[in-house]
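As structure tokens, the structure follows; a few thoughts come after it.
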Ligand SMILES: NC(=O)c1ccc[n+]([C@@H]2O[C@H](COP(=O)([O-])OP(=O)(O)OC[C@H]3O[C@@H](n4cnc5c(N)ncnc54)[C@H](OP(=O)(O)O)[C@@H]3O)[C@@H](O)[C@H]2O)c1
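Residue numbers (my numbering): 12 to 385.
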């Protein structure tokens, strides 16, 4: 029997028993910790910034590696990434001074995504919940619960719709630019550049649904027939193979009331030159033609057309309109349910394809919503 009350004869065997007991306790505790860690260790494959691109990114600018997530702090979740949205702003985060934000060398490339919670130390999100937010270029995202929004897929609205027609940087951007900045009205002529892309495709369909006459500008005959045959645009202008000014004057003989610009550069001037005689609105959504050289952006030469024609040009960041999101979601969801709005997905499979998908965004190799399924 081990007794804490010892005499000289017993003290040696008591110390040995005590040391053995202590060793057992340490072994049990460390085995438990090891097992707990083994249970939560999740293999994550991620794409990170290896070096800053000089102009158009090349494959050597990106690194890919496997890392283990073996500690989930309180208030955090791990989401298995289902779909990542390939957005033009991602390119700007690779620069030293990005447009909205800059990623440090070695960090996972930022991207909006939708995913499903597989581990949770949050009292707000449970395993199985679908979430939307900056999940970034990886297979599994460890994020604070406050950094993501819970979303509820339903019949006819797949999880990937939250990075598509209902995504902040896609459908909601289209809605805000067209409705709140462009203030589109029934019967007006709307022109959209980058029209066959993710934002542009939604703008075309929203403008049609609101009774506008819609002209899309895109590169190539295939994209132009996608605009008129599949999206219902009234006319399409192929900026790669035709005289845009001439085609635009034919397609919009009374001038342009709303220009939703995704491209910038020379194309912006061409449309400014064809604005309606009075009261046109130009919504500057983006300028994808300028993102490879943000330190030397080409501004509009013909901005005086704004003064001549009593027109307005306004840039916007979608996040500044978050109070409008419920109205946008409600209108877009209804159009989706009634078959009046859809957005084809161009899917790149596997996280290793993330850099190629980014190149495609600038080479115009897709139409609709370009996404990566990790
Ligand atoms: N303001 C905001 O809050 C906000 C939010 C989200 C996105 N955006 C902007 O919205 C725009 C569209 O983004 P997205 O994600 O929907 O991309 P996207 O339109 O799906 O893809 C980009 C398309 O732009 C066209 N393009 C690329 N380089 C071009 C160039 N040099 N000249 C003319 N066209 C070019 C390509 O189509 P073609 O084959 O037709 O050339 C390409 O498919 C971007 O400018 C982005 O920055 C703004």
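Even for Gly, the Cβ is constructed at its ideal location relative to N, Cα and C.
Residue 205 and residue 192 have their C-alpha atoms spaced approximately 18 Å apart. Rounded to whole angstroms, the separation of the alpha carbons of residue 243 and residue 219 is 7 Å. Within the DSSP bridge table, the entry for residue 356 names 380 as partners.
Residue environment: residue 68 is assigned as buried (16 or more neighbouring CB atoms within 10 Å of its CB, all protein chains considered).
As computed with DSSP, residue 311 is found in no beta bridge at all. Closer than 8 Å to some heavy atom of ligand 1: that does not describe the Cβ of residue 281. Spatial neighbours of residue 227 in its own chain (CB-CB distance under 6 Å, excluding positions within 5 residues in sequence) are listed in chain order as 203, 206, 215, 238, 244, 247.
Closest in alpha carbon position to residue 379, among 187, 89, 182, is 182. Of the residues 64, 82, 60, the one whose Cα lies closest to the Cα of residue 54 is 82. Sequence-distant partners of residue 159 (beyond 5 residues in either direction) whose C-beta falls short of 6 Å from its own C-beta, in its chain, are 142, 144.
Annotation: residue 170 to residue 288 spans about 44 Å, alpha carbon to alpha carbon.
Here residue 345 is actually not in contact with residue 187; their C-beta atoms are around 17 Å apart, not less than 8 Å.
Between residue 127 and the set 120, 121, 137, 133, the nearest pair of CA atoms involves 137. Residue 85: not part of any alpha helix (DSSP H); DSSP gives it neither H nor E.
With a threshold of 8 Å, the Cβ atom of residue 302 counts as near ligand 1, since some heavy atom of the ligand is closer than that.
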